[in-house]
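Encoded as structure tokens, the structure appears first; notes follow it.
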Amino acid sequence: MDHVTVFKALSNASRLQILDLLKEPERHFAGHETLSRVHEHGVCVGAIQEKLGLSQSTVSSYLSLLQRAGLVEARRIGPWTYYRRNEATLRALGDFFTGQI
5 MDHVTVFKAL SNASRLQILD LLKEPERHFA GHETLSRVHE HGVCVGAIQE KLGLSQSTVS
65 SYLSLLQRAG LVEARRIGPW TYYRRNEATL RALGDFFTGQ I
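Sequential numbering of the sequence shown, starting at 5, is according to our numbering.
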């Protein structure tokens, strides 16, 4: 894990909000028209974009940085890319704080 990239990814309120939304996608997207885009493999960019009220290009950029940091995983299915949290990296980050800092 590249800690500098992880910390950079976490240094933005919207990117932190994305991680929070992806923690419980069924709860955060329930009753919303984007619920159909919540998939066993994650949540599509459009659903996240609508929830945050940001442009799709901004959300895609944020998700790309989160993916490079290893904080989210992406899976392409047909025309959609689904994102979910990478729980292993988040646990490793917690262990880093507990043991190193």
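Beta carbons are placed, not taken as given, at the ideal position from N, Cα and C, and that holds for glycine.
A quick note: this is a predicted structure, and the numbers were derived from the prediction, not measured.
| Item | Value |
| --- | --- |
| Would V92 and V10 be called neighbours here (beta carbons separated by less than 8 Å)? | The residue asked about is misnamed: residue 92 is Ala in this sequence, not Val. Contact: no. |
| If Y87 and L67 are in contact, beta carbons under 8 Å, what's the gap, nearest whole angstrom? | 6 Å |
| In the DSSP assignment, the alpha helix (DSSP H) including V34 goes from what residue to what residue? | Correcting the residue type first, residue 34 is Ala in the shown sequence and not Val. Per DSSP, A34 belongs to no alpha helix (DSSP H) and is neither H nor E. |
| So is G46 buried or exposed if we call it buried at 16+ other beta carbons inside 10 Å? | buried |
| Using 7 Å as the cut-off, classify the Cβ of A78 as near or not near the heavy atoms of the ligand GDP, replying yes or no. | Absent from the structure shown: the ligand GDP. Ligands present: none. |
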